[in-house]
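For the sequence shown, the tail end lands on 613 under UniProt numbering, and the numbers increase by one without skipping.
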Amino acid sequence: MTPFLVGVISFGSTCGVSNPGVYTRISEYHDWIVTTMREQGAVGIHESYNETLCALRFAAYRDFDEQVIIGKTESFTSIDSSKARIYAGSAPQQMVKIGRGNCYGVIVDEDTVLTVADCTNSRGVQPTFITYLGNKTMRISKIHVHPDYVRDSGYNNIAILKLYDLLDLPLGFQPSCIYHKSRIEFDVKAYGNGRLDVNRFLFGGSPPLDPTVSTHVIIPKMFNESDCIVSDRYRPRLPHGLAREHLCLGNEVFQVPRSCDLLIGSVLDEWLGKGNNVYHHAMALSLLGRDCGFGEHLIATKLANHVDWMKSVLLPDQVDSSNVVHFVDRDLREGNSCNVDDHQPGVCVKIERCSVPWKEYAARRLVTFCTTSSVICCPVEEVGKMNNSLIHHGIFHCPSFVQSIPRKTSLGSLVHIGWIEQQTLTYQCAGTIINKFMVLTTASCLGNTIPDVIQPLNNLTQFPIDAVLRHPDFNSTDNTNDIALIRMSDPFRWSSTMFPACLWTNQTHTPIVMNTSRPTGPTSFESTLVHPMYNSDCQRTHPHRIQDSQLCTRDPNSLTTCTSPTDQLFWMDTNRVSFLIGLAPNQTECTQRKYSIFTRIAAHMEWISENAS
């Protein structure tokens, strides 16, 4: 701790107890004092002598900050350096530099950065690029500034930067999670740039002179509005005082002047655990503050208070479930007539008998249930669509049916598809059993040929094939409608190692965690964990337009991926029932991309229903 002389008493009572004391401000006479000391032969007083050099000159004789002292005797002081308020460190890898000035932001998605609105305009010029992971750069494609932000105001000071392309991120990189709770009940870290010598923790001896400026980590305390000290220079930007969107942080002690400068737009963050993992969370963005919040506190924009606006920009098509009204009519039973929206005639049917488009529509408005949530008031013209084949009813009863089968394996539905040429059997594709006579696979893998046999995994029996039906709208160029059915000559017989997979029917939601499974031998298979991504993410690197009937995924444990024609995309529920979600197209060569494209099963339920009976 370094004491600084700010003023000397001129007249009035000492300390100004009863009558205000008047002090002479030392800073007004700094040059005269330094010149006089040099003329009088003072040692170490150079022309460039300033507060920093003064603080370093006698640092070895100063007392420790009380915050780090854990014990003290007449001859010895015990300290804990981990309690230091500031130390040289590194910013999180999620933090980026914006443009060429003192502006920063945080990566919250592979093509999205959050920052403060102040950083989107410097003297009328918008930034055009960001720098991330040290020296990588990416151009900014679009800037979204909060619509209620007024230039130079401290209110609604937040912006979203969309980038031209996906960032080139290393394996295991985690974009920062946006913290949604307004109340923060744990310590966070802030970031600034400062001199290494002034902020170095000393254990003894004089610090070497090192004017190198580097990133520093600040451990601030949180203050409520009444205790928050805002610098006079920033008060005009907050004419109405602090708002709920603001976070006030800092330390009650002052810092050596100009030894730490706040990184504007930098993240206030912490790593928070969930389950067995920890995730980087962004709580706020640094907005205003001198000396990194020491003495006079720093003000940050809390992200939680702007979640709705961020969703409106990043998730424009998201359904607001808070506006959905579910009404249960206890007087209605299955088969009864009902009214949809008070005017459209309907009938009470089990929810699976109401078409998928209607169920998606119903999720956005008033829904009437007939006595129970499993029976819905459905428009008459929507009843029975996709429900005219045997497979449709089996689809919705599949989970309970499979659960009733004693199973020794999780994938009793996976099969090899083989061709016999010159008395040699070759397996080139894979498929999935969906009922006693049908196997689902891709049209691209079958090509224009008809395979000869099906061999289920964990079963040496070879089943002859009766017929093949390819989707009539299959496009071999972009692999849209890449799906086919294989009909067996003889039915499968269910056992503990052979049973059907259920089909994923939800067109609007996809499981967060899935597995691509592929057979590797007569009785073995391997799986890879993948996550669904927005189709727009795949579109960046895909040579053809991706349709809604296709599904984009990514392997979080690999920088690139290459699907195999034997890849089947599955999700398993808590009862160990597997659902087929997607099929990988056949590719003549492996193109290494960050993402993979699958045929989305849910988008082809009508075709499957009509042809798989």
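Note that CB positions come from ideal geometry on N, CA and C, so glycine has one too. Note that the structure is predicted; figures quoted are calculated from it, not measured.
Asked	Found
Residue closest to Y595, alpha-carbon to alpha-carbon, out of N459, Y149, S82 and L166	L166
Complete beta strand (DSSP E) runs within the region 274-326 (minimum length 3 residues, chain order)	277-288 and 298-302
Assigned exposure category for E296 - 16 Cβ within 10 Å defines buried	buried
With 16 other Cβ atoms within 10 Å as the buried cut-off, status of Y104	buried
Top-ranked residue by Cα proximity to Y179, from T523, A284, T2 and F525	A284
Neighbourhood of L133 by C-beta, 7 Å cutoff - its chain only, sequence neighbours within 5 removed	Q93
DSSP state of A88 mapped onto helix, strand, coil	strand
Rounded C-alpha distance that separates D331 from S400	29 Å
Residue from D80, N135 and V253 with nearest C-alpha to F4	V253
Inter-residue Cα distance where the pair is G582 and T599	5 Å
Member of T120, V198 and T77 whose CA lies at the smallest distance from the CA of F64	T77
Whole-angstrom distance between S81 and C552, CA atom to CA atom	48 Å
Buried versus exposed call for Y61 [16 or more other C-beta atoms within 10 Å across all chains shown]	exposed
Strand pairing of L551, partner residues [DSSP]	F598
Beta-carbon gap between A190 and L114 smaller than 8 Å	no
When V415, Q174, I86 and V150 are compared against C260, the one with the closest alpha-carbon	I86
Alpha-carbon spacing of L238 relative to E381, whole angstroms	58 Å
Cβ contact check for the region 410-417 and the region 516-535: 3 or more pairs under 8 Å	yes
Proximity below 8 Å, CB of L446 to CB of A501	no
Through-space distance from P316 to I376, alpha-carbon basis	28 Å
Any chain C beta carbon closer than 8 Å to Y49	Included in the structure is just one protein chain, with no chain C present.
Residues near L163 in its chain [Cβ-Cβ closer than 8 Å; skip 5 each side]	D111, T112, V113, I130, M138, R139, I140 and S141
Per-residue burial, E74 [other beta carbons within 10 Å of its own, 16 or more giving buried]	exposed
Meets three-Cβ-pair contact criterion under 8 Å: the region 524-541 and the region 469-476	no
Residues that DSSP places opposite G346 in a beta bridge	C338 and P379
Integer Cβ distance of S286 from A304, believed to fall under 8 Å	That pair is no contact at about 16 Å.
Supposed close pair V213, N199 - CB separation, criterion 8 Å	V213 to N199, Cβ: 10 Å. No contact.
When M488, V106, D227 and P585 are compared against L161, the one with the closest alpha-carbon	V106
Inter-residue Cα distance where the pair is S266 and H280	14 Å
6 Å Cβ shell around P345 - same chain, five flanking residues per side excluded	V380
Straight-line gap, residue 647 to M95 (C-alpha atoms, nearest Å)	With the chain covering only 1 through 613, there is no way to say anything about residue 647.
G275 versus K311: straight-line alpha-carbon distance, rounded	26 Å
Coil, strand or helix - M514 by DSSP	strand
Distance CB(E526)-CB(V256) smaller than 8 Å	no
Of the listed residues T566, L529 and R545, nearest to D555 (C-alpha basis)	L529
Limits of the beta strand (DSSP E) - the one that E526 falls within	F525 to M533
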